[in-house]
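Residue 194 in the working numbering sits at position 50 of the sequence shown, with consecutive numbering throughout.
C-beta atoms are modelled at their ideal positions from N, C-alpha and C, and glycine is treated no differently.
Notes follow once the structure below has been shown.
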Amino acid sequence: DLGAALTRVADQAQSGVVSQEDIKALTAEKQDFEQRMADTREPSLVQAELMKSTTGAGLTLRELSPIGPSGRSPKEGDAPAYPRYRILVSGTYQQIAEFTVGCTRQRLPVRVRAFAMRLSAGESGEDTGHLLADITVEAFRPTDEAQKDRNDI
Numbered sequence: 145d146l147g148a149a150l151t152r153v154a155d156q157a158q159s160g161v162v163s164q165e166d167i168k169a170l171t172a173e174k175q176d177f178e179q180r181m182a183d184t185r186e187p188s189l190v191q192a193e194l195m196k197s198t199t200g201a202g203l204t205l206r207e208l209s210p211i212g213p214s215g216r217s218p219k220e221g222d223a224p225a226y227p228r229y230r231i232l233v234s235g236t237y238q239q240i241a242e243f244t245v246g247c248t249r250q251r252l253p254v255r256v257r258a259f260a261m262r263l264s265a266g267e268s269g270e271d272t273g274h275l276l277a278d279i280t281v282e283a284f285r286p287t288d289e290a291q292k293d294r295n296d297i
């Protein structure tokens, strides 16, 4: 009985011990997460990630611009709780759908806040077979910084 009890205790102790490989993987994952959190504070990096996502989905990027909290271009001292961007893209329905779903899965995730789509016409008015999507996305900002911005408004 004593031998069986000691074996059970040894098995339980071994299952609770984390291996060196697990520690290294967790440390690398933590560092990546912290770097992504820091990168969300840089609008240029968020915009670069959005540009990468549009080309990755096969879309033609027509416009990417920051917008203020009321939908207008940001002014001096205008600090929304979460940064928003207007993205104007053209492509097929499938490409646009792939992009909007991918927004939450990119390295610096954003969420879609507004979406409008219409047929895209060429310069002479002919049907291009593509759609034009006007998408507003909201970037993530760490809670402490977002709360500070809300208090400043």
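query: Cβ pair Leu275, Thr236 closer than 8 Å; result: yes
query: Chain B contact for Thr198 (CB, 8 Å cutoff); result: Of the chains in the structure shown, none is chain B; there is only one protein chain.
query: Environment of Ala149 [buried if 16+ CB atoms lie within 10 Å]; result: exposed
query: Exposure of Val162, with buried meaning 16 or more beta-carbon neighbours within 10 Å; result: exposed
query: DSSP three-state assignment for Asp145, whether helix, strand or coil; result: coil
query: Between the CA atoms of Ile167 and Tyr226 - distance to the nearest angstrom; result: 34 Å
query: Sequence ranges, beta strand (DSSP E) only - wholly within the segment 171 to 203, length at least 3; result: none
query: Simplified DSSP state of Thr248, which is helix, strand or coil; result: coil
query: Chain-order list of residues whose beta-carbon lies under 7 Å from that of Gln179 (same chain, five-residue window excluded); result: none
query: Identity of the residue in Gly246, Arg230, Ala277 nearest Ala201 by Cα; result: Gly246
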